[in-house]
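Under my numbering, think of the first position of the sequence shown as 3, with each following residue one higher. The C-beta atom is built at its ideal place from N, Cα and C for all residues, glycine as well. What follows is one structure encoded as structure tokens, with my remarks underneath.
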Amino acid sequence: MSGSSKAIWEEMNRLVLEIERHDRAYYELDQPLITDAEYDSLFRRLQTLEEEHPELASPHSPTKRVGGKALEQFQKSKHGVPMLSLANALNQEEWQAFDERLHRFLEASPEKEFEYFAELKFDGLSINLTYENGLLTRAATRGDGETGEDVTENIKTIRSIPLKLRTSTPPRKIEIRGEIVLPIESFLELNREQSQRGEKAFANPRNAAAGSLRQLDSKITASRPLTGFFYGVGEVSGFTLPKTISAFEDMLLEWGFPVGNQKRICKGSASVLDFYREIETIRDSLPFEIDGVVVKLNAFSEQQTAGFIARSPRGMIAFKFPPKKSVTLIEDIQVQVGRTGALTPVAIVSPVNVSGVIVKRATLHNQDEIDRKDIRIGDHVVIQRAGDVIPEVVEVLKERRRGDERRFRIPDACPVCGSGVVRAEGEAVSRCSGRNCIAKLKERIKHFAQKDALNIEGLGDKIVDQWVDEGLIKHLHDLYDLTYDDLISLEGFADKSVRKILNAIDASRTPELYRLIFGLGIRHVGETTAKLLALRFKTIGNLSAANRDLLLDVDGVGEEMASSVQDYFSNQEHREELEILLSKIQPVEPKSSGKAQIFEGKTFVLTGTLPNMGRSEAEKIIEDHGGKVSGSVSKKTSFVLAGEEAGSKLEKARSLGVPVIDEAGFQELLRGH
Ligand code: IVH
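Right, dumping it as structure tokens:
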């Protein structure tokens with residue numbers, strides 16, 4: 003290694019350690035030591051060094067946490083030691099039966115109180131992490147217990163999971179097992195985003211966690227706030243495990259793993275029962291979902307003596323809580339038409355209380371789901387509520403059928419406008435093909451008017467329905483032509499309320515650009531993406547003209563999203579509608595810095611360390627003056643701003659004849675203005 007490589011390598015190592023320290027402070031201790039901007043700048047510096055010197059980059063660098071290239075498919079991964087399952091106890095009797103069985107099996111006197119370790123049963127998906135010499139080398143889903151799917155890249159994006167064990171004496175090899183979960187708040191937020199993008203909501207946090215982890219594109223996983231809880235061990239070599247599970251978990255915590263903090267060493271069966279009841283009372287206040295407690299003989303040696311029955315350890319049991327489910331009757335099935343024309347079948351059920359909430363409707367998702375579960379009108383069904391989402395039908399009680407139940411099919415014609423319903427190849431969703439479907443129009447207006455979009459205060463669902471039903475609005479842009487006279491005669495309106503809502507509509511005529519982009523309801527484009535697009539393209543005109551490469555160049559925009567933006571703007575109807583809309587409202591460009599835009603149209607590439615200026619500082623100056631910063635040098639690069647120890651980018655600039663300036667030259671450019 004040359005002297006300068008060594009210095010760079012050392013800097014990279016320093017950055018890795020520092021970023022890890024801040025990750026711990028932020029994710030584990032909830033006490034950030036630096037601002038987000040400072041963290042970003044450390045992170046970017048490391049990314050730049052790794053880009054410039056890929057040969058020096060560590061495969062365990064925290065930069066791997068942002069996700070990498072998408073995979074074609076997951077590789078299979080065989081577990082070192084199989085991942086088994088747990089037997090269940092569904093009530094107190096079954097728990098006591100387990101304890102008694104264990105006494106008989108281990109030939110213990112009935113008075114003996116076993117030392118149990120009781121903890122939460124996390125409702126997520128199980129994962130097997132392999133660490134070799136302290137480094138995370140593989141992560142696999144459970145699969146069939148013998149072989150799972152290799153999701154290493156995705157797991158690396160979960161910041162609470164250590165890429166490196168925090169110990170100076172790591173095992174040669176160890177498999178650490180736990181559960182990946184999505185906190186309930188994050189799940190609800192994700193579903194809000196899904197529906198804003200016109201996509202299907204996840205049924206519960208566990209499905210959302212599984213869907214987020216099993217993404218071929220690890221960047222998507224990186225954007226989902228997954229976390230995990232660790233409790234178990236598989237293969238171990240070159241290491242002596244502690245004697246008990248409780249001590250093992252303490253060690254996991256020291257090594258940097260998140261472990262549950264509700265756990266107890268219980269002496270005897272009654273003490274376990276107390277723990278179970280306590281946890282049941284706090285269950286709903288936990289930030290993540292659990293479906294019971296897991297009780298384990300605390301000593302590994304006793305576990306071993308107890309052995310296995312079928313595919314479960316005899317010394318452990320899942321003591322489950324009764325599920326949040328209820329039985330009710332499907333009175334009818336209706337079809338809802340969404341903003342993108344998606345038809346969703348919804349069961350209208352006899353009102354029923356499901357863990358404190360009165361449920362009257364339950365989603366049936368789509369025709370395939372109805373067929374798979376064989377759901378009919380008149381059926382008694384089990385419905386379940388997860389988080390705060392719309393409940394769903396989990397199961398039909400076929401034994402309660404009387405023969406007069408009716409099958410249901412999604413109609414061939416839209417129930418609202420009568421247009422044909424189409425189901426694209428490979429999609430589960432059927433959509434209304436009608437151009438003027440008022441159901442779509444209503445949903446589009448509701449989306450357009452919502453707080454995060456054009457924020458038209460007071461324009462709620464009922465009013466939108468009324469205005470569309472009355473024929474006052476036939477297109478989105480008709481909103482802006484409504485007059486006092488149009489509204490004053492409507493039911494529910496009087497002088498004051500008419501003025502108020504007209505004012506609110508008027509106030510939305512100069513929306514920030516991202517609000518309009520989001521409000522248009524382009525599939526897959528949520529509020530966050532809309533902000534990124536607005537920042538990048540500055541006007542609707544630029545956005546609608548952007549080619550695929552430009553769109554894909556925006557952080558967070560993937561193939562699907564790029565296609566859907568392009569589809570949106572290539573649709574003649576959308577173009578016409580937008581043109582009229584833009585004659586009535588004027589989106590304001592993203593806030594400009596107020597600085598002279600002297601670098602407009604110029605692209606800079608930064609390399610090396612500047613003597614007096616931080617990298618992010620230089621980037622900000624360039625962007626504030628209208629310029630762009632890019633990561634790689636090409637013929638289109640206007641300037642390469644090079645500092646000390648500039649790497650391959652400098653050479654490339656020279657070979658392409660791109661002007662190279664140093665910090666002083668950069669200052670001159672700025673002053674020269
Ligand atoms: S111990 C032999 N502890 O529940 C498997 N499992 O229903 C030993 N689970 O496959 C697992 N929380 O994915 C254990 N605290 C916990 C758990 C837990 C959730 C999952 C795990 C297991 C499933 C069995």
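In this structure, residue 235 keeps its C-beta atom at 7 Å or more from the C-beta atom of residue 173. For the pair of segments examined, the stretch 145–164 was found not to touch the stretch 104–116: the number of CB pairs separated by less than 8 Å stays below three.
Burial state of residue 395 is buried, judged by a 10 Å Cβ sphere holding 16 or more other Cβ atoms.
Exclusion of the five residues before and after residue 365 leaves 346, 348, 392 and 394 as the residues of its chain whose Cβ lies within less than 7 Å of its Cβ. Uninterrupted alpha helix (DSSP H) stretches at least 4 residues long and entirely within the stretch 108–165 occur at 154–158, given in chain order. Around the beta carbon of residue 516, a 10 Å sphere encloses 16 or more other beta carbons of the protein chains shown; the residue is thus reported as buried. When 122, 58 and 54 are compared, the shortest CA-CA separation from residue 12 is found for 58. Note that the stretch 54–70 touches the stretch 14–28; at least 3 beta-carbon pairs, one per stretch, sit closer than 8 Å. Shown here for residue 500: same chain residues with a beta carbon closer than 7 Å to its own, the five before and five after excluded, namely 486, 489 and 490 in chain order. When DSSP states are grouped into helix, strand and coil, residue 606 belongs to the strand group. The C-beta distance from residue 377 to residue 398 rounds to 6 Å, short enough to meet the 8 Å contact threshold.
Around the beta carbon of residue 532, 16 or more other beta carbons sit within 10 angstroms, so the residue counts as buried. Residue range 382–386 is occupied by the beta strand (DSSP E) that includes residue 382.
For the ligand IVH, a non-hydrogen atom lies closer than 6 Å to the CB of residue 233.
Residue 337 sits close to residue 417, with the two beta carbons spaced by under 7 Å.
By the CB criterion at 7 Å, residue 566 and residue 519 fall outside the cutoff.
In chain order, 606, 661 and 663 place their CB closer than 6 Å to the CB of residue 641, counting only its own chain and leaving out the 5 sequence neighbours on each side.
Residue 330 sits close to residue 385, with the two beta carbons spaced by under 7 Å. When only Cα atoms are considered, residue 635 and residue 648 end up about 13 Å apart. Residue 617: not part of any beta strand (DSSP E); member of the alpha helix (DSSP H) spanning 617–626, first to last residue. Boundaries for residue 77: no beta strand (DSSP E) harbours it, and the DSSP string shows neither H nor E there. Around the beta carbon of residue 94, a 10 Å sphere encloses fewer than 16 other beta carbons of the protein chains shown; the residue is thus reported as exposed.
Counting only runs of 4+ residues, the alpha helix (DSSP H) found wholly inside the stretch 500–573 occupies 515–521, 529–539, 542–547, 550–554 and 561–572, in chain order.
A residue is called buried once 16 or more other Cβ atoms fall within 10 Å of its Cβ, and residue 436 is buried on that count.
The three-state secondary structure of residue 648, taken from DSSP, is coil. Of the residues 604, 269, 587 and 646, the one whose Cα lies closest to the Cα of residue 616 is 646.
Secondary structure at residue 207: helix, using DSSP grouped into helix, strand and coil.
Secondary structure of residue 330 (DSSP, three-state): strand.
For residue 181, the distance from the CB to the nearest heavy atom of the ligand IVH is below 6 Å. The beta carbon of residue 329 sits no closer than 6 Å to any heavy atom of the ligand IVH. In terms of Cβ geometry, residue 182 and residue 126 form a close pair [threshold 7 Å]. The closest CA to that of residue 414, considering only 404, 407, 188 and 425, is found on 425. Between residue 461 and residue 447, the alpha-carbon positions lie close to 9 Å from each other. Around the CB of residue 428, fewer than 16 other CB atoms lie within 10 Å, so the residue is classed as exposed.
Boundaries of the alpha helix (DSSP H) harbouring residue 46: 38–54, taken from the DSSP string.
Going by C-alpha positions, residue 35 is about 45 Å away from residue 361.
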